[in-house]
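J.: One structure is given below, represented as structure tokens, and several questions about it will come after.
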Amino acid sequence: MHEAQGSEPLKSIAEAAEALAVTQRTLRFYEDKGLISPQRVGTMRAYSKREMGRMQLILRGKRLGFSIREIGEFLSLYDQDPDQVVQASLMLEATRHRLSELRHQRDAIDQTIAELESIEAMSRHHLERRGG
């Protein structure tokens, strides 16, 4: 596309979407939520290296199951805390909480699988006794 002030290459919304493997609508969504702020070149959105990096963090956070609010907090701390001490502390706390949630979900899934396997075995046994 063009270059930002300081000769940094910018990507159009189509280029950014393709590079991130998301839709243009996804990029506009995160812009509407205030998580990214692409530059404007006329009426076109222009994505800098910084915005591309923020989007990668957003997508990773979503993949890991963090809410938009939590991701927003991480990103704002990143901007405010150059040493990233507060951010790292918050990330540690959020990661521990998310791991706990996932472990509980895994336990519930394991229990459901065990129940379904038991029902499956009983049904199979019943059918075998009936000649089915």
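Residue 2 is where the sequence shown starts when you use my numbering, and the numbers rise one by one after that. Just so it is clear, CB atoms sit at the ideal spot from N, CA and C, and this is done for glycine as well. If you're wondering where the values come from, they're calculated on a predicted model, not measured in any experiment.
Looking only at its own chain, which residues have a Cβ that is under 7 Å from the Cβ of A15, when we skip the five neighbours before and after it?
T.: Cβ within range, chain order: Q25.
J.: Helix or strand or just coil, what does DSSP make of Q85?
T.: Here Q85 sits in coil by DSSP.
J.: Kindly provide the ranges of any beta strand (DSSP E) runs that are 3 or more residues long and lie completely inside the segment 36–99, ordered along the chain.
T.: Complete beta strand (DSSP E) runs here, min 3: 40–42 and 45–48.
J.: What are the residues that DSSP puts in a beta bridge with K158?
T.: Not covered by the structure: residue 158. The range shown for the chain is 2 to 133.
J.: Under a three-way DSSP split, which group does A143 fall into?
T.: Past the boundaries of the shown model lies residue 143; the chain is included only from 2 to 133, so the question cannot be answered.
J.: Do L28 and A18 have their CB atoms nearer than 7 Å?
T.: Cβ atoms of L28 and A18: closer than 7 Å.
J.: Straight-line CA distance for Q85 to R51?
T.: Distance between the alpha carbons of Q85 and R51 is about 16 Å.
J.: For M56, count the other beta carbons within 10 Å of its own beta carbon; 16 or more makes it buried, fewer makes it exposed. Which is it?
T.: Buried, by the Cβ-count rule.
J.: Within the same chain, show all residues whose beta-carbon is closer than 8 Å to that of R64, passing over the 5 residues directly before and after it, in chain order.
T.: For R64, where only same-chain residues beyond five positions count, there are no Cβ hits under 8 Å.
J.: Can you list, in chain order, the residues of its chain with a C-beta nearer than 8 Å to that of I59? Leave out the 5 residues immediately preceding and following it.
T.: Cβ neighbours of I59 beyond the five flanking positions: Y31, L36, I37, I72 and L76.
J.: Along the alpha helix (DSSP H) that carries T27, what are the first and last residues, could you check?
T.: Note, T27: alpha helix (DSSP H), Q25 to D33.
J.: Report the option in S13, G62 and R61 whose CA atom is closest to the CA atom of P39.
T.: For P39, the nearest C-alpha among the options comes from S13.
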